[in-house]
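If you read the sequence shown in the numbering used here, its first letter stands for residue 20, the second for the next number, and so on.
From the three backbone atoms N, C-alpha and C, an ideal C-beta is built for every residue, glycine too.
What you are looking at is a predicted structure, and each value in this text was computed from that prediction instead of being measured.
Notes follow the structure.
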Amino acid sequence: MEQPIEFENLGIEHQTEVMNILNYYVENSFAAYPDKKLPDAFLGDLLEMTKGYPAYAVKMGGKVVGFSFLRAYNPLAFSETAEITYFIDKDYSGKGIGKIILDKIEGDAKNKGICNILASISSQNPHSLKFHEKNGFVECGKFPEIGEKFGTKVDVIWMIKKISHISDN
20 MEQPIEFENL GIEHQTEVMN ILNYYVENSF AAYPDKKLPD AFLGDLLEMT KGYPAYAVKM
80 GGKVVGFSFL RAYNPLAFSE TAEITYFIDK DYSGKGIGKI ILDKIEGDAK NKGICNILAS
140 ISSQNPHSLK FHEKNGFVEC GKFPEIGEKF GTKVDVIWMI KKISHISDN
């Protein structure tokens, strides 16, 4: 990687870049579940979901090349479990940025007292399934054919990574 990765707290100022990245995956892949482009204002909903959790615009050379966040799995219970989401600009995918993001989010999760990170992944996204497995996630559940995108039935695969608290190291 020619330039270092920077993490900036995700905010409304990242709206256009983040939504362009997300909408690429909405319109062209199974990585994002919606089947229609989302409005830029949707970033406000994401920011609301992530209150109290780490959420970042991922930058290289001042350009937003991805975004990532944790959010409560269940805001009424299970405070030691969070769900991870991250997307990388298609032109920067496959360059090791996902692993850097995962390491950063995992460190933040440990500091917050989170022991379990969940990932919800489309069965039609083998790249993501393989990435998560390679990085310590294991399948923990499957919702068969609960959605459809591009005329294809989609299972949702849940994966979990158990991490220790920072004080446990």
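Along the beta strand (DSSP E) that carries residue i, what are the first and last residues, could you check?
i: residue 189; result: Residue 189 cannot be examined here, being either before or after the span of the chain that is shown, 20 to 188.
i: residue 89; result: 82 to 91
Does the ligand ZN have a heavy atom nearer than 7 Å to the CB of residue i?
i: residue 109; result: With respect to the ligand ZN, the structure offers nothing, as it holds no ligand at all.
Alpha carbon to alpha carbon, what distance is there between residue j and residue i?
i: residue 179; j: residue 104; result: 13 Å
i: residue 37; j: residue 113; result: 18 Å
i: residue 68; j: residue 146; result: 26 Å
i: residue 92; j: residue 70; result: 13 Å
i: residue 55; j: residue 35; result: 17 Å
i: residue 129; j: residue 106; result: 21 Å
i: residue 95; j: residue 148; result: 28 Å
i: residue 122; j: residue 171; result: 33 Å
i: residue 169; j: residue 64; result: 25 Å
i: residue 82; j: residue 163; result: 38 Å
Relative to the C-alpha of residue i, which residue among the options is closest?
i: residue 108; options: 54, 76, 166; result: 76
i: residue 155; options: 162, 172, 143, 182; result: 182
i: residue 97; options: 106, 135, 82, 169; result: 135
i: residue 39; options: 58, 144, 26; result: 58
Residue j and residue i - do their beta-carbons sit closer together than 8 Å?
i: residue 133; j: residue 158; result: no
i: residue 165; j: residue 140; result: no
i: residue 153; j: residue 174; result: no
i: residue 84; j: residue 111; result: yes
i: residue 62; j: residue 102; result: no
i: residue 151; j: residue 86; result: no
i: residue 49; j: residue 143; result: yes
Go through its chain and collect everything with a Cβ distance to residue i's Cβ below 7 Å, but skip five positions before and after it.
i: residue 73; result: 88, 89, 124, 127
i: residue 24; result: 77, 79, 116, 119
i: residue 46; result: 56
Counting only the same chain and skipping the five closest in sequence on each side, list residues whose C-beta sits under 8 Å from that of residue i.
i: residue 66; result: 29, 30, 31, 74
Closer than 8 Å, CB to CB, is residue i near chain D or not?
i: residue 134; result: Going by chain labels, chain D is absent from the structure shown, which holds only one protein chain.
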